[in-house]
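Asker:
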Amino acid sequence: DSTAVSPMLLDFSMIHFPLSIVNPFLPPGMARLRGMLNGEMDVTGSLSNPQFNGFVQFDSAAVRVDMLGTDFTFPDDKIPMDSNVVVFNNYAIRAVNDNPLSVNGTVNLKSIAEPLISLKMAAKNMQIIGSSKKRGQDVYGKAYIDANANVKGNKKLLFVDAKLNLLSGSNFTYLLNTTAAQINQGTDQNSVVRFVEFADTASIAQADSIGNTGMALMLNAALTISEGTTINVELSGSSQDKVQIQGAGNMTFSMSPYRSMRLTGRYNIESGFARYTPPLISQKTFQFKSGSYVAFNGDIMNPILNIHATDQIRANVTEEGQNSRLVNFLVGVSVTNTLANMDVKFDLSTNDDITVQNELQAMSPEQRANQAMNMLLYNVYTGPGTKASSTMPSNPLYSFLASKLNSWAANSIKGVDIQFGVDQYDRTFDGSTSTATSYSYKVSKALFNDRFKINVGGNYTTDAGDNENPEQSLINDVSMEYMLNKAGTMYIKLFRHVGYESILEGEVTQTGLGFVYKRKLNSLSEMFFPWRHRRPKVPEQKNSETDTVTINPAKNDTANK
3 DSTAVSPMLL DFSMIHFPLS IVNPFLPPGM ARLRGMLNGE MDVTGSLSNP
53 QFNGFVQFDS AAVRVDMLGT DFTFPDDKIP MDSNVVVFNN YAIRAVNDNP
103 LSVNGTVNLK SIAEPLISLK MAAKNMQIIG SSKKRGQDVY GKAYIDANAN
153 VKGNKKLLFV DAKLNLLSGS NFTYLLNTTA AQINQGTDQN SVVRFVEFAD
203 TASIAQADSI GNTGMALMLN AALTISEGTT INVELSGSSQ DKVQIQGAGN
253 MTFSMSPYRS MRLTGRYNIE SGFARYTPPL ISQKTFQFKS GSYVAFNGDI
303 MNPILNIHAT DQIRANVTEE GQNSRLVNFL VGVSVTNTLA NMDVKFDLST
353 NDDITVQNEL QAMSPEQRAN QAMNMLLYNV YTGPGTKASS TMPSNPLYSF
403 LASKLNSWAA NSIKGVDIQF GVDQYDRTFD GSTSTATSYS YKVSKALFND
453 RFKINVGGNY TTDAGDNENP EQSLINDVSM EYMLNKAGTM YIKLFRHVGY
503 ESILEGEVTQ TGLGFVYKRK LNSLSEMFFP WRHRRPKVPE QKNSETDTVT
553 INPAKNDTAN K
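Residue numbers (the working numbering): 3 to 563.
1) Kindly indicate which residue of 453, 66, 48 and 170 has the alpha-carbon position closest to the one of residue 233.
2) Taking only the alpha-carbon atoms, compute the straight-line gap between residue 582 and residue 145 and give it to the nearest angstrom.
3) Using beta-carbon positions only, say whether residue 140 and residue 127 come within less than 9 Å of one another.
4) Alpha carbon to alpha carbon, what distance is there between residue 20 and residue 338?
5) Report the option in 39, 178, 293 and 221 whose CA atom is closest to the CA atom of residue 237.
6) Whole angstroms are fine: how far does the CA of residue 95 sit from the CA of residue 28?
7) For the region 65-85 against the region 117-125, do three or more pairs of beta-carbon atoms, one drawn from each stretch, fall closer than 8 Å, so that the two count as touching?
8) So is residue 319 buried or exposed if we call it buried at 16+ other beta carbons inside 10 Å?
9) Which residue or residues does DSSP assign as beta-bridge partners of residue 277?
10) Out of 403, 419, 526 and 151, which has the shortest C-alpha to C-alpha gap to residue 579?
11) Out of 278, 448 and 374, state which residue places its alpha-carbon closest to the alpha-carbon of residue 288.
12) Quick check on DSSP: helix, strand or coil for residue 65?
13) What number of angstroms, rounded off, separates the C-alpha of residue 263 from the C-alpha of residue 156?
14) From the DSSP output, which residues share a beta bridge with residue 327?
15) How big is the Cα-Cα spacing for residue 327 and residue 492?
16) Report all residues from its chain with a CB closer than 8 Å to the CB of residue 352; omit the five preceding and five following residues, and keep chain order.
17) State the CB to CB distance for the pair residue 494 and residue 531, rounded to an integer number of angstroms; the pair is presumed to be in contact (CB under 8 Å).
18) Straight-line CA distance for residue 160 to residue 256?
19) Sort out for me which residues DSSP pairs residue 314 with in a bridge.
20) Look at the alpha carbon of residue 70 and the alpha carbon of residue 34, and state the distance between them as a whole number of angstroms.
21) Identify which residue in 301, 302 and 346 has its Cα closest to the Cα of residue 309.
22) Does DSSP classify residue 560 as helix, strand or coil?
23) Grab the span of the beta strand (DSSP E) containing residue 484 for me, first residue to last.
24) For residue 251, which residues in the same chain have their Cβ closer than 7 Å to its Cβ, ignoring the five residues on either side in sequence?
25) Rounding to the nearest angstrom, what Cα-Cα distance links residue 458 and residue 335 in this structure?
26) Within a Cβ cutoff of 6 Å, which residues of the same chain sit near residue 172, ignoring the five residues on either side of it in sequence?
27) Grouping DSSP H, G and I as helix and E and B as strand, with all else coil, what is residue 360?
28) Since residue 88 contacts residue 108 with CB under 8 Å, what's their CB separation in whole angstroms?
29) Taking the alpha-carbon of residue 488 as reference, which of 451, 79, 78 and 348 has the nearest alpha-carbon?
30) Measuring alpha carbon to alpha carbon, tell me which of 513, 51 and 17 ends up nearest residue 9.
31) Relative to the C-alpha of residue 135, which candidate in 15, 275 and 412 has its C-alpha closest?
32) When we look at the beta-carbon of residue 461 and count the other beta-carbons within 10 Å, is it buried (16 or more) or exposed?
33) Alpha carbon to alpha carbon, how far is residue 253 from residue 378? Give it in angstroms, no decimals.
34) Three-state secondary structure (DSSP) at residue 82?
35) Please state if the CB of residue 60 and the CB of residue 76 are separated by a distance shorter than 9 Å.
36) Put residue 522 into one of helix, strand or coil per three-state DSSP.
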């Protein structure tokens with residue numbers, strides 16, 4: 003009797019099963035499935051030990067990750083199942099470009115309650131983000147990755163070893179406002195005090211008799227951020243307040259089965275800016291200095307900070323018995339120590355005026371910090387021998403006007419970064435004092451896949467002197483950069499800058515062409531003779547276990563000839 007050995011003999015077929023049925027069971031804002039699922043399966047064996055043989059096949063199927071705004075499409079290839087073992091053979095999952103994520107390995111379902119997983123995943127130059135800013139997305143822009151991952155284990159304990167490389171040319175933006183709203187909402191719910199009567203058994207849920215042990219995960223991931231990547235973080239709903247960072251780093255993330263997480267490594271900041279508009283104060287844009295970094299020594303929420311940035315502020319300087327002049331000051335801020343115990347210091351300097359520069363160098367660090375705060379809050383320099391002129395009654399009005407102009411430009415003009423500045427100050431010329439208003443602007447545009455960048459800036463003053471050329475001041479700062487490689491380590495820069503030098507009693511125009519080459523060197527000779535410092539290749543050791551070595555006789559014979 004064949005039914006005694008195999009009491010089940012079933013033929014199961016599935017045609018155009020809609021995957022959208024799963025969407026109501028997914029968390030809101032996580033992912034959405036579309037497409038169909040087909041399959042044929044022969045079920046034999048017994049109820050305690052069923053045997054599955056057949057295949058499943060996706061039809062125009064994809065999963066859309068709402069956070070990334072990207073559709074990950076599944077191929078129409080058949081996924082075979084042989085004796086309860088699902089086999090993946092170069093199963094290619096594609097995203098934005100044609101470079102797929104290849105999946106190889108098996109999923110053993112002989113014990114359906116505890117399947118055995120053994121998978122390898124690899125991707126080369128795969129674009130996982132490729133969208134513009136849309137409603138409901140947390141990330142937009144473009145991002146390219148190289149990935150390698152090994153997944154082994156079962157339902158009780160799963161081991162994941164992964165390597166992820168964020169490639170050059172990636173430029174994406176993360177929206178912070180969505181996460182902040184969720185955090186605030188969660189905090190309000192946790193702050194509610196609830197009273198419970200433990201004697202009332204009807205209001206207390208009974209504990210599940212079958213405990214849910216969950217899955218223990220052992221994760222080790224190596225993250226590499228290549229040079230030439232740009233990471234943006236929008237601090238508000240518009241693009242007005244944001245942080246932009248260009249840098250590189252290597253980090254390692256690990257998570258034990260006990261849910262303890264550690265992050266080690268360092269992210270080096272090459273360039274970038276942090277732009278923010280405080281209430282009743284004009285917009286502040288701090289440019290990061292090269293050499294800044296963020297280091298992790300285990301605690302993800304408490305990294306070591308070493309960040310230095312400067313903000314250029316144009317202020318009026320009037321010395322006793324002399325005409326007033328506009329000077330570009332650099333307000334510096336340094337953030338060091340850990341995130342939980344930050345050490346913040348301010349400084350003030352200038353490269354446009356030698357007289358003011360000498361005055362600042364003669365001050366103590368505490369005095370320069372006070373001057374820096376006055377410059378940030380009131381846009382006033384009160385050095386020795388100068389006549390301070392406060393414009394506080396009108397500063398909030400002009401700051402509000404500049405803030406609204408910048409917000410309108412960020413929301414209305416896409417693809418171009420435009421910043422406006424409006425300021426009013428007292429101008430002294432030939433002993434007479436008058437009120438002048440200064441209007442400034444700065445336009446930045448990136449072209450050809452961010453390889454070519456152009457920056458144009460200028461200002462206009464309503465009460466210009468006879469020795470000033472208003473037409474020249476309208477465009478007094480122009481720079482064009484072209485990157486010769488994706489990593490951004492080599493680029494050509496053409497610039498024109500108009501500055502003020504008090505020793506010459508007038509404006510000085512600087513025009514030039516430069517070539518910039520960035521590379522980490524142990525010695526200067528590595529730049530001119532790189533082949534002398536190449537490390538010799540270590541010969542590969544043969545594996546003693548012959549059963550794990552595969553030899554191609556055809557290739558071996560060709561090499562011996």
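Ideal placement from N, C-alpha and C gives every residue a C-beta, glycine not left out.
Answerer: In short:
1) Working through the sequence shown from its first residue, we reach residue 233 at position 231. Minimum Cα distance to residue 233 is reached at 170.
2) Because the chain is modelled from 3 through 563, residue 582 falls outside the range shown and cannot be assessed.
3) Indexing the sequence shown from 1 puts residue 140 at position 138. Indexing the sequence shown from 1 puts residue 127 at position 125. It is not a contact, given that the beta carbons lie outside the stated cut-off.
4) The residue labelled residue 338 in the question sits at position 336 within the sequence shown. The residue labelled residue 20 in the question sits at position 18 within the sequence shown. Taking the straight line from one Cα to the other gives about 55 Å.
5) Here residue 237 is taken as the residue at index 235 of the sequence shown, counted from 1. The shortest C-alpha separation from residue 237 is found at 178.
6) Here residue 28 is taken as the residue at index 26 of the sequence shown, counted from 1. Here residue 95 is taken as the residue at index 93 of the sequence shown, counted from 1. For residue 28 and residue 95, the distance between alpha carbons rounds to 21 Å.
7) no
8) As a working note, residue 319 is residue 317 in the sequence shown. Under this definition residue 319 is a buried residue.
9) Indexing the sequence shown from 1 puts residue 277 at position 275. In the DSSP output, where bridge partners are listed per residue, residue 277 has 244 and 287.
10) Since the first residue shown for the chain is 3 and the last is 563, residue 579 is missing from the structure and cannot be characterised.
11) Mapped onto the sequence shown, residue 288 falls at position 286. Among 278, 448 and 374, the Cα nearest to that of residue 288 is on 278.
12) The count along the sequence shown starts at 1 and reaches residue 65 at position 63. Three-state DSSP puts residue 65 in a strand.
13) Mapped onto the sequence shown, residue 263 falls at position 261. Mapped onto the sequence shown, residue 156 falls at position 154. Cα-Cα distance, rounded: 21 Å.
14) Within the sequence shown, numbered from 1, the residue matching residue 327 stands at position 325. In DSSP, residue 327 forms a bridge with 319.
15) By one-based count along the sequence shown, residue 327 stands at place 325. By one-based count along the sequence shown, residue 492 stands at place 490. Rounded to whole angstroms, residue 327 to residue 492 spans 37 Å at the Cα level.
16) As a first step, residue 352 is located in the sequence shown; it is residue number 350 there, counting from the start. Cβ within range, chain order: 329, 330, 331, 332, 358, 359 and 362.
17) For this step, residue 494 is matched to residue 492 along the sequence shown. For this step, residue 531 is matched to residue 529 along the sequence shown. Between residue 531 and residue 494 the Cβ distance is about 24 Å, and since that is not below 8 Å, they are no contact.
18) Counting from one through the sequence shown, the residue named residue 160 turns up at place 158. Counting from one through the sequence shown, the residue named residue 256 turns up at place 254. Between residue 160 and residue 256, the C-alpha separation is close to 13 Å.
19) Your numbering for residue 314 matches position 312 in the sequence shown. Its beta-bridge partners are 332.
20) Against the sequence shown, residue 70 aligns to sequence position 68. Against the sequence shown, residue 34 aligns to sequence position 32. Each residue's alpha carbon lies about 12 Å from the other.
21) On the sequence shown, residue 309 is found 307 positions in, with the first residue counted as 1. Closest by alpha carbon: 346.
22) For this step, residue 560 is matched to residue 558 along the sequence shown. At residue 560 the pLDDT is 39, less than 50, meaning the model places this residue with poor confidence and gives no usable figure here.
23) The residue you call residue 484 lines up with position 482 of the sequence shown. Here the beta strand (DSSP E) through residue 484 covers 479-485.
24) If you number the sequence shown from 1, residue 251 lands on position 249. So the qualifying residues of the chain are 227, 267, 268, 269 and 270.
25) Taking the first residue of the sequence shown as 1, we reach residue 458 at position 456. Taking the first residue of the sequence shown as 1, we reach residue 335 at position 333. Near 25 Å, if we compare the C-alpha coordinates of residue 335 and residue 458.
26) Sequence index remark: in the sequence shown, residue 172 carries index 170 (1-based). Taken in chain order, the residues that qualify are 145, 146 and 231.
27) Here residue 360 refers to the residue found at position 358 when the sequence shown is read from its first residue. Residue 360: helix per DSSP, three-state reduction.
28) Along the sequence shown, one-based indexing puts residue 88 at 86. Along the sequence shown, one-based indexing puts residue 108 at 106. Yes, they are in contact, since the Cβ atoms of residue 88 and residue 108 sit about 6 Å apart, within 8 Å.
29) Here residue 488 refers to the residue found at position 486 when the sequence shown is read from its first residue. When only C-alpha atoms are compared, the closest one is 451.
30) Position 7 of the sequence shown holds residue 9. Residue 51 is the option with its Cα nearest to residue 9.
31) Position 133 of the sequence shown, counted from the start, is the residue given in the question as residue 135. Checked all of 15, 275 and 412; the closest Cα to residue 135 is 412.
32) Start at 1 with the first residue of the sequence shown, and residue 461 comes out as number 459. Classification for residue 461: buried.
33) Stepping through the sequence shown from its first residue, residue 378 is reached at position 376. Stepping through the sequence shown from its first residue, residue 253 is reached at position 251. So the two alpha carbons sit approximately 35 Å from each other.
34) Residue mapping note: residue 82 aligns to position 80 of the sequence shown, counting from 1. In the structure shown, residue 82 sits in a strand (DSSP, three-state: E or B).
35) Counting from one through the sequence shown, the residue named residue 76 turns up at place 74. Counting from one through the sequence shown, the residue named residue 60 turns up at place 58. Yes, they are a contact pair.
36) In the sequence shown, the residue the question calls residue 522 occupies position 520. Three-state DSSP puts residue 522 in coil, outside helix and strand.
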